[in-house]
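A.B. asks: Okay, handing you the structure first.
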Amino acid sequence: MRIILLGPPGAGKGTQAVRLVERLGIPQLSTGDMLRAAVAAGTPVGLKAKAVMDRGELVSDDIVVGIIADRIEEQDAKGGFILDGFPRTVAQAEAFDAMLSAKGLKLDAVIEFKVNEAELVERIVKRAKDTEARGEPVRKDDNPEVFKTRLDAYRTQTAPLSAYYERTGMLKTVDGMKPIDDVTQAIKEILGR
């Protein structure tokens, strides 16, 4: 299965991706991890990415899609993969769809985690307090101000993907505010397994 998980930061995509990896036996692909691996391996697209990053610039959509194109050819991804955090823009989604089509592949599901943003901010504040209470360092992303900035960026850059995938008929939604096991069950129903 080839699956994209969409939704704002803190919506539970990462938690559900781990459960999908375990249940379906397919890898979760992180564009950041793939980018670092391609650079370390010195692949042609990795070398392009390194040159861009060395100049302090953002890696272009075509380089990111190229890295994903290489990664999905690896043996562990032959049976499918889970993407969380990519695509981030409609342009990336279009380039990704074109790449899949060129390989004779298609997506099986795009699952969007719907959330109440005010409650989501409260969830992050609580998570930060709980982490602090355990004496553990609080993730930078769990700082409420940093989180609100990430949420704003999501709204402007990534939220338009909902309409894009809805037009393709691929978009399914789950209530990301429900308990973790309920979200897992909703995803099982969408995927039919």
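Numbering (the UniProt record's numbering), first residue to last: 1 to 193.
Note that the Cβ used here is the ideal one computed from N, Cα and C, for glycine as well.
For a minimum of 3 consecutive residues, which ranges assigned as the beta strand (DSSP E) are wholly contained in the segment 45-96?
C.D. replies: Counting only runs of 3 or more, we get 81-84.
A.B. asks: Using the Cα positions of A37 and A51, report the straight-line distance between them to the nearest angstrom.
C.D. replies: For the purposes of this step, residue 37 is taken as the residue at position 37 of the sequence shown. For the purposes of this step, residue 51 is taken as the residue at position 51 of the sequence shown. Distance between the alpha carbons of A37 and A51 is about 15 Å.
A.B. asks: For the ligand FMN, is there a heavy atom less than 6 Å away from the beta-carbon of D142?
C.D. replies: Looking for the ligand FMN in the displayed structure turns up nothing, as the structure carries no ligands at all.
A.B. asks: Terminal residues of the continuous beta strand (DSSP E) containing E112?
C.D. replies: As a position in the sequence shown, residue 112 is number 112, starting the count at 1. Start and end: 109-114.
A.B. asks: Given this structure, state the Cα-to-Cα distance separating A186 from P137, to the nearest angstrom.
C.D. replies: By one-based count along the sequence shown, residue 186 stands at place 186. By one-based count along the sequence shown, residue 137 stands at place 137. When rounded, the distance between both Cα atoms is 32 Å.
A.B. asks: Is the beta carbon of L5 closer than 7 Å to that of D61?
C.D. replies: As a first step, residue 61 must be located in the sequence shown, where it is residue number 61. As a first step, residue 5 must be located in the sequence shown, where it is residue number 5. Contact: no.
A.B. asks: Would you be able to state if there are at least three C-beta pairs under 8 Å between the segment 94-106 and the segment 66-85?
C.D. replies: In short, these stretches touch, since the Cβ pair count reaches three.
A.B. asks: Do you know whose CA, among T89, D175, V146, A40, lies nearest I124's CA?
C.D. replies: As a first step, residue 124 must be located in the sequence shown, where it is residue number 124. Minimum Cα distance to I124 is reached at V146.
A.B. asks: When DSSP labels each residue in this structure, what does V39 get in the three-state scheme?
C.D. replies: Here residue 39 corresponds to residue number 39 of the sequence shown, with the count starting at 1. Note: V39 maps to helix in three-state DSSP.
A.B. asks: Take the Cβ of P44 as the centre, count every other Cβ of all protein chains shown within 10 Å, and call the residue buried at 16 or more, exposed below.
C.D. replies: In the sequence shown, counting from the first residue as 1, residue 44 sits at position 44. Looking at its Cβ environment, which holds fewer than 16 other Cβ atoms inside 10 Å, P44 is exposed.
A.B. asks: What's the call for T158, buried or exposed, on a 16-neighbour Cβ count within 10 Å?
C.D. replies: Locating residue 158 in the sequence shown gives position 158, where the first residue counts as 1. When all chains shown are included, T158 counts as buried.
A.B. asks: Please list the terminal residues of the continuous alpha helix (DSSP H) segment that includes R123.
C.D. replies: For this step, residue 123 is matched to residue 123 along the sequence shown. Run containing R123: 117-133, per the alpha helix (DSSP H) assignment.
A.B. asks: Looking at V90: is its Cβ nearer than 7 Å to the Cβ of Y164?
C.D. replies: Here residue 90 refers to the residue found at position 90 of the sequence shown. Here residue 164 refers to the residue found at position 164 of the sequence shown. Against a cut-off of 7 Å, the Cβ pair of Y164 and V90 comes out as a contact.
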